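Some notes on the structure that comes next.
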Amino acid sequence: MRHIISILVDNEPGVLARVSGLFTARGFNIESLCVAETENPSYSRLTLVTSGEDWIIDQIIKRFENMINVIKVIDLTESESIQRELLIARVIPTKTSRPEVLRVADIFRSNVIDVGPKSYALELTGTKDKLEAFVEILRPLGLKEVTRTGLVSIAREKKK
1 MRHIISILVD
11 NEPGVLARVS
21 GLFTARGFNI
31 ESLCVAETEN
41 PSYSRLTLVT
51 SGEDWIIDQI
61 IKRFENMINV
71 IKVIDLTESE
81 SIQRELLIAR
91 VIPTKTSRPE
101 VLRVADIFRS
111 NVIDVGPKSY
121 ALELTGTKDK
131 LEAFVEILRP
141 LGLKEVTRTG
151 LVSIAREKKK
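Numbering (the numbering used here), first residue to last: 1 to 160.
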């Protein structure tokens, strides 16, 4: 099963290596990893996506909770959460496909963040499915390069 794990850690050198090392030691693949400083510069939040048996992921989470520099671990898989990725795509359209590229960008609510003599750089934020659909539509229109951040996620506020 696919798991989304949010890990709040001290913002110190070596913490990411210890977290990823725990996965390496168990032979697990990290499908997506995003790390950034939080609202408090003393902490960073890691959003990690992996797949595995629930009981094995539970063991890994328990190991995280016992690690030095780990403040809090949340498995967002079962909870309601907001999930997004950022994608930047470089498209080199033909003269005839330029209007189509801009129309696709508009339909997906993508931002044109750079215009060159031969290319566009497009930025899109959304779910994994939305980003994958965007890429597939751009592919025949001159898609040349794609870079993605990986998933970030935050739990939804509980309703009262």
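The beta carbon of each residue, even a glycine, is placed where N, CA and C say it ideally should be.
Because the structure is a prediction, the values reported are computed rather than measured.
Bounding residues of the beta strand (DSSP E) (the contiguous stretch that carries residue i)
i	result
S81	81-91
R45	43-51
E100	No beta strand (DSSP E) contains E100, which is instead part of the alpha helix (DSSP H) from 98-107.
L124	120-126
E37	30-37
L8	2-10
N111	111-115
Proximity winner among the options, relative to residue i (alpha-carbon distances)
i	options	result
K95	R84, L131, S42, G142	G142
K189	S153, P93, L122, L76	The first residue shown for the chain is 1 and the last is 160, placing residue 189 beyond what the model contains.
C34	L48, I60, E136	L48
V73	Q59, I82, Q83	Q59
I5	R63, A133, R109	R63
V9	L46, T149, V112, H3	L46
T149	A89, V101, T77, E100	A89
K130	L16, E85, P99	E85
G27	A133, V15, S51, I7	S51
N66	L138, E145, K158, I7	I7
Backbone secondary structure at residue i - three-state DSSP
i	result
R148	strand
R139	helix
I68	coil
For residue i, the first and last residue of its enclosing alpha helix (DSSP H)
i	result
G21	15-26
I61	54-65
Practice problem: Answer yes if the segment 51-64 comes into contact with the segment 116-135, meaning at least three C-beta pairs across the two stretches below 8 Å, and no otherwise. | Solution: no
Exercise. Mind the definition here: the segment 92-111 touches the segment 17-30 only if three or more C-beta pairs lie below 8 Å; say whether that holds.
Key: With a cut-off of 8 Å, the segment 17-30 and the segment 92-111 do not count as touching, because too few Cβ pairs lie within range.
Practice problem: May I ask you to verify whether the segment 97-115 touches the segment 35-44, counting CB pairs closer than 8 Å and requiring at least 3? | Solution: no
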